[in-house]
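The listed protein sequences correspond, in order, to chains P and Y.
Per the numbering used here, the very first residue in the first sequence carries number 7; after that it's consecutive.
Per the numbering used here, the very first residue in the second sequence carries number 730; after that it's consecutive.
In what follows, a structure is listed as structure tokens, so that the remarks can point back to it.
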Amino acid sequence: MADYNAMELMICVAARELEDGVSVGVGTGAPCAAAMLAQKTNSPNLLIMFEAGGVAPLLPEMPISVGDSRTTWKAVMASGMCDIMETACRGMLDYTFLGGAEIDMYGNLNSTRIGDDHQKPKVRFPGSGGANDFASFAWRMMVMTPQDNKRFVERCSYITTPGWLEGGNSRQQSGLPLEAGPYRIITNMAVMDFEPESKRMRIISINPGYSESDVQENCGFELLVADKVSGTKAPTEEELRILREEVDPYRYVIGR
Amino acid sequence: MDIIKQGIGKIFTNPDADAARAFFRTKSRKMENKLMSPKEAVEKFCHDGDYLTIGGFGANRIPTAVCHELVRQGRKNMGFAGHTSTHDFQILCAGKVFDKLDIAYIIGLEARGLSPNARKYMQSGEVEVCEWTNYTLSARLKAAAMGVSFLPIRNMMGTDTFTYSGAKMIECPYTGVKYAAVPALYPDVAAIHVHEADVYGNCRIRGISISDLDLARAAKRLIITAERIIRNEDIRQEPTYTVIPYYLVDAVCEVPYGSYPGNMYAEYFSDEDHLREWLKVEKDPAAFKEFLDKNIYGCTSHFDYLRVNGGMEKMWELRHQELMVLRNAK
């Protein structure tokens, strides 16, 4: 079996979720690596979009900014932010990848602050950026993140970016576009989806080397467990070769 | 119209479209030579207390010279749109130029990490903040560019981003569906870096436009910095390429390598060593002061700044990087 690290595994798992021909809105780092890997493996027709305006680039290397020149390398269009987000709002963005300092049982994300005083927070993070936009508009939102019970909390102390909000049909009633929402949470230990009725996070697959109790112990709330839990398929030699040689040769992301 | 719910965030600018019309009625339509230095442009068009918006995307196609001038001239108490802002935000925080802030993305420099000094400023309680998102701030600029006072959007709802924003939830009069209404944002002054402009302010941009075409139309006063000044005859020969027309523009500054240390599409890549150094020195107040003295306070122009960071030789390297000159060479 190939030797790999947690980041490589998460990127490979995420890349496999992107079917050929779908569209994905990505940021820098791991999401971009997953999109590039997918484009070189199972999804050669993957349509990659960057919020600043890059459309369908043939990424020569990892961008350092979602607005740098690499995001339009051999692209079909150099557009702008309203065009990309309006395309997503019209329903043409299938996937997006997001992250945060906190994630809760309904897939809501906090990337704004820790501490209750909004005008003088204990810790201030960058804020929404395009995350709230992409998460509201993309049909399926995915998260790639290492898992521990400080990050996986029962309720986010601040919801920057919507998941299934308070679960059940709360998102449907909020005014956000119908049927869009969190789809997969990919961690170093497992892959989760959301139970269709309650919209609570649910284990569907466990990564090699971990047990169900490892996953539960490193989560700050009770995870549901699917009727059939499978084992996550380890990265193949071929996936790892492409990831290491073509996608991230300088190990910017997979070296973390 | 009934308001179903509203955010508690303060709206720092007047969204009134008729007030904006009254201003734009007085704006000059004359084709006149607007060439001046960034120093003159900031003296003339940026005042303490004004609401400022910077074009580009953080460290891509940014008007660095204007950001440095604002710090050098000690502008204070400005309002600012922290919209796709990264290195520009970092520069303005170094001078504590603003104390009112609309936030979409701040503090971070994307994959490069977070600015310790910007974070410190944002945790100090000295800045009054209102939350938005990248798209909602773009939509606010778009509303202003359209000459209307708000636009309906389909996100923010259900989150604390809405709660701490100035958005209001309304119902569509046609379908009954809920929308977040966001107020038009008419900045007092904006600065945008472009590839080419003539002396009147007709501008060409290559690559992504981000929100700059709406920003140029939304701002009451507009400072353009350009890599190159071209002839008006060139503009008139191919009007297809003009994305910002002269009547929106108040000042035109020729600033070669004007986005440095940021990236400029098809011209030069970002200077990652310099940006890394910037993030590093911020951790040590004495080193940071020395760094700012060298790079901002001790410089009189953008040429000075380029000179202390490697000058032409460095620019030549960054140009090779941008064009990936050696990538496909046999």
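Cβ atoms here follow ideal geometry from the backbone N, Cα and C, with glycine treated the same way.
Per DSSP, which residues does residue i bridge with? Please list them.
i, result
"Y:Gly811", "Y:Ile832"
"P:Met55", "P:Gly31, P:Val61"
"Y:Pro881", "Y:Ala910"
"P:Tyr101", "P:Val30, P:Arg146"
"P:Asp199", "P:Arg208"
"Y:Glu860", "Y:Ile832"
"Y:Arg933", "Y:Glu925, Y:Thr971"
"Y:Thr782", "Y:Ala919"
If you reduce the DSSP assignment to three classes, tell me which class residue i lands in.
i, result
"Y:Val800", "helix"
"Y:Glu956", "strand"
"Y:Met1053", "coil"
"Y:Cys775", "coil"
"Y:Arg767", "The residue asked about is misnamed: residue 767 of chain Y is Pro in this sequence, not Arg. Helix."
"P:Pro132", "coil"
"Y:Glu900", "strand"
"Y:Phe827", "strand"
"Y:Met886", "coil"
"Y:Phe998", "coil"
"Y:Ala748", "helix"
"P:Phe158", "strand"
"P:Met111", "coil"
"P:Ala137", "helix"
"P:Ser236", "strand"
"P:Pro127", "coil"
"P:Val72", "coil"
"Y:Ala794", "helix"
Taking its Cβ as the centre, do 16 or more other Cβ atoms sit within 10 Å of residue i, making it buried, or is it exposed?
i, result
"P:Pro202", "exposed"
"Y:Pro968", "exposed"
"P:Asp139", "buried"
"Y:Phe1032", "exposed"
"P:Arg262", "exposed"
"P:Ala141", "buried"
"Y:Met1041", "exposed"
"Y:Arg750", "exposed"
"P:Asn155", "exposed"
"Y:Glu761", "exposed"
"Y:Pro916", "buried"
"Y:Trp1045", "exposed"
"P:Ala232", "exposed"
"Y:Asp817", "buried"
"P:Glu57", "buried"
"Y:Asp745", "exposed"
"Y:Thr904", "exposed"
"P:Asp122", "exposed"
"Y:Val1037", "exposed"
Would you mind telling me which residues of chain P sit closer than 8 Å to residue i, beta carbon to beta carbon, in chain order?
i, result
"Y:Gly842", "Within 8 Å Cβ-Cβ: nothing; Y:Gly842 doesn't reach chain P, min ~11 Å."
"Y:Ser878", "Here the premise fails: no neighbours, minimum Cβ distance about 18 Å."
"Y:Gly784", "Going along chain P, no residue has its Cβ under 8 Å from Y:Gly784, so there is no contact; the nearest lies around 11 Å."
"Y:Ala896", "Per Cβ cutoff of 8 Å: no residues; Y:Ala896 is ~11 Å from chain P at best."
What does residue i touch in chain P if you count any residue whose Cβ is under 7 Å from its own?
i, result
"Y:Met885", "Asn138"
"Y:Ala913", "Near Y:Ala913 there are no residues of chain P at all, since even the closest Cβ is about 14 Å away, more than 7 Å."
"Y:Arg848", "Arg130"
"Y:Gly835", "Per the sequence shown, residue 835 of chain Y should be read as Ile rather than Gly. By Cβ distance, chain P contributes Pro132, Gly133."
Can you pull the chain Y residues whose beta carbon is under 8 Å from the beta carbon of residue i, in chain order?
i, result
"P:Ser29", "Ordered by position in chain Y, no residue passes the 8 Å Cβ test against P:Ser29, which lies about 17 Å from the chain."
"P:Leu182", "Arg883, Asn884, Met886, Gly887"
"P:Ala84", "Arg935, Gly936, Ile937, Ser938, Tyr994"
"P:Ile165", "Gly887, Thr888, Asp889, Thr890"
"P:Val72", "Phe786, Glu839"
"P:Ala58", "Phe786, Asn789, Thr813, Ile937, Ile939"
"P:Met111", "Simply none; closest approach about 16 Å."
"P:Arg177", "Gly887"
"P:Ser204", "What P:Ser204 touches in chain Y: nothing, since even the nearest Cβ is about 17 Å away."
Quick one: list the residues of chain Y neighbouring residue i, beta-carbon separation under 7 Å, in chain order.
i, result
"P:Leu171", "Gly887"
Would you please state the rounded distance, in angstroms, between the beta carbons of residue i and residue j? I believe it to be under 8 Å.
i, j, result
"Y:Val978", "Y:Ile959", "Actually they are not in contact, since the Cβ atoms of Y:Val978 and Y:Ile959 sit about 14 Å apart, beyond 8 Å."
"P:Gly73", "Y:Ile791", "Going by Cβ atoms, the distance from P:Gly73 to Y:Ile791 rounds to 10 Å, so no, they are not a contact pair."
"Y:Thr856", "Y:Leu821", "At residue 856 of chain Y the sequence reads Val, which differs from the Thr that was named. About 11 Å; that fails the 8 Å criterion."
"P:Gly181", "Y:Val911", "About 13 Å separates the two Cβ atoms, so there is no contact after all."
"Y:Ala833", "Y:Leu866", "5 Å"
"P:Asp100", "P:Val28", "4 Å"
"P:Ser117", "P:Thr167", "7 Å"
"P:Leu6", "P:Ala44", "The requested residue 6 of chain P does not occur in the structure, where chain P is confined to residues 7 to 262."
In chain P, which residues lie with their C-beta within 9 Å of the C-beta of residue i?
i, result
"Y:Gln819", "Ordered by position in chain P, no residue passes the 9 Å Cβ test against Y:Gln819, which lies about 12 Å from the chain."
"Y:Glu1051", "Ser75"
Check the Cβ of residue i against every Cβ in chain Y and list those closer than 9 Å, keeping chain order.
i, result
"P:Met148", "Correct list: empty, because the minimum Cβ distance to chain Y is about 18 Å."
"P:Gln125", "Gly854, Val856, Glu857, Val858"
"P:Cys95", "Tyr864, Ile882, Arg883, Asn884"
"P:Phe143", "Tyr864, Arg883, Asn884"
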